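Right, one structure below, let's go through it.
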Amino acid sequence: MEGFIDIHSHILPGIDDGSDSLETTIEMLQIAWEEGIRTMIATPHYREGRLETPTEHLLELYRQVVAEAQKIDSSFQIYLGNELYSSYNLAEHLDAERAHSLNGTRYILVEFSPSKTYSEMRMAFRSLQMSGYRPILAHAERYECLVEESSRVTELINSGIYIQLNTSSITGDNGFRTRMFARNLLKHEEVHFVATDAHNSDSRSPRFQKCMAYIEKKYGSKYADRLGRENALRVLKDAPVKSWW
Ligand SMILES: [Fe+2]
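Going by my numbering, the first residue of the sequence shown is number 2, and it counts up by one from there.
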């Protein structure tokens, strides 16, 4: 399988805890290409007051990475966004274009502190939605409040939130409990995107094949394609992603 779209990656060099150099970025791009990924959204961390990269600098790095991807193949597409750490003024930062949505669309990739309570999460999402954004919860398998009560994921989806899982969590690289939770969400079709959340070229590299092979074998190629490509394509176009299928 190929043609995957990775909506969550830390491939821009020297900006967050992701790629530490252009050399690492090039290695990550090569791995991604070999894994069948044909489009990536670079989503460096954005955290109010802690990690706010000026847009000019972000664009400069982005152009460098686009040029490197083009050297691998002229069809290799890179887009820009942020992984946004939830904070009180996040919508204002987005409106002011200090923080970035995915490819300039209404879709935003949002993360929380792993210990965030469920009610705090709901309130933060509600405020972002009221500002016109469509939040995607990054690596949903990482939040204790959801792992301990998985019906909350159903509630989130019913309230218009989209769910992203990391490929490594589905394949079991992040422990048994995480894998169980992630696979259970897959089984109940409570996942909209799988993505790499790649940070480097070794321990957290951009892997897709193994995860996709699992989903395809267990649930068929249509489901795998929806989670690894089709829904992400809709995001890039700012088109609606169905909550339930
Ligand atoms: Fe991330």
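By construction, the Cβ of each residue, glycine as well, lies at the ideal position given by its N, Cα and C atoms. Treat the numbers as computed from the prediction; the structure is a model and nothing was measured.
Where residue 40 sits in the DSSP three-state scheme
Here residue 40 refers to the residue found at position 39 when the sequence shown is read from its first residue. Reduced to three states, the DSSP call for residue 40 is strand.
Taking the DSSP output, what are the residues bridged to residue 48?
Locating residue 48 in the sequence shown gives position 47, counting from the first residue. Per DSSP, the beta bridge partners of residue 48 are 52.
By DSSP, does residue 190 sit in helix, in strand, or in coil?
On the sequence shown, residue 190 is found 189 positions in, with the first residue counted as 1. In this structure, residue 190 counts as coil in the three-state DSSP scheme.
Going by the DSSP bridge assignment, what does residue 79 pair with across the sheet?
As a working note, residue 79 is residue 78 in the sequence shown. Checking the DSSP bridge columns, you'll see residue 79 partnered with 41.
Tell me the residue span of the beta strand (DSSP E) that contains residue 163.
Within the sequence shown, numbered from 1, the residue matching residue 163 stands at position 162. Per DSSP, residue 163 belongs to the beta strand (DSSP E) from 163-167.
Identity of the residue in 212, 12, 231 and 178 nearest residue 44 by Cα:
As a position in the sequence shown, residue 44 is number 43, starting the count at 1. The shortest Cα separation from residue 44 among 212, 12, 231 and 178 belongs to 12.
Residue 61 to residue 8 span [Cα, whole Å]:
Position 60 of the sequence shown, counted from the start, is the residue given in the question as residue 61. Position 7 of the sequence shown, counted from the start, is the residue given in the question as residue 8. Rounded to the nearest angstrom, the two C-alpha atoms are 20 Å apart.
Taking all protein chains shown into account, decide if residue 189 is buried (16 or more other Cβ within 10 angstroms of its Cβ) or exposed.
Position 188 of the sequence shown, counted from the start, is the residue given in the question as residue 189. So residue 189 ends up on the exposed side.
Span of the alpha helix (DSSP H), counted from its first residue to its last, around residue 222:
In the sequence shown, the residue the question calls residue 222 occupies position 221. Where residue 222 is concerned, the enclosing alpha helix (DSSP H) stretches over 222-226.
Quick check on this structure: which residue in 224, 206 and 26 has the alpha carbon closest to the alpha carbon of residue 213?
Position 212 of the sequence shown, counted from the first residue, corresponds to residue 213. Residue 224 is the option with its Cα nearest to residue 213.
Taking Cβ positions, are residue 137 and residue 194 nearer each other than 8 Å?
Here residue 137 refers to the residue found at position 136 when the sequence shown is read from its first residue. Here residue 194 refers to the residue found at position 193 when the sequence shown is read from its first residue. By the CB criterion at 8 Å, residue 137 and residue 194 fall inside the cutoff.
Flag residue 84 as yes when its Cβ comes closer than 7 Å to any non-hydrogen atom of ligand 1, and as no otherwise.
If you number the sequence shown from 1, residue 84 lands on position 83. Ligand 1 approaches residue 84 closely enough that one of its heavy atoms is under 7 Å from the residue's Cβ.
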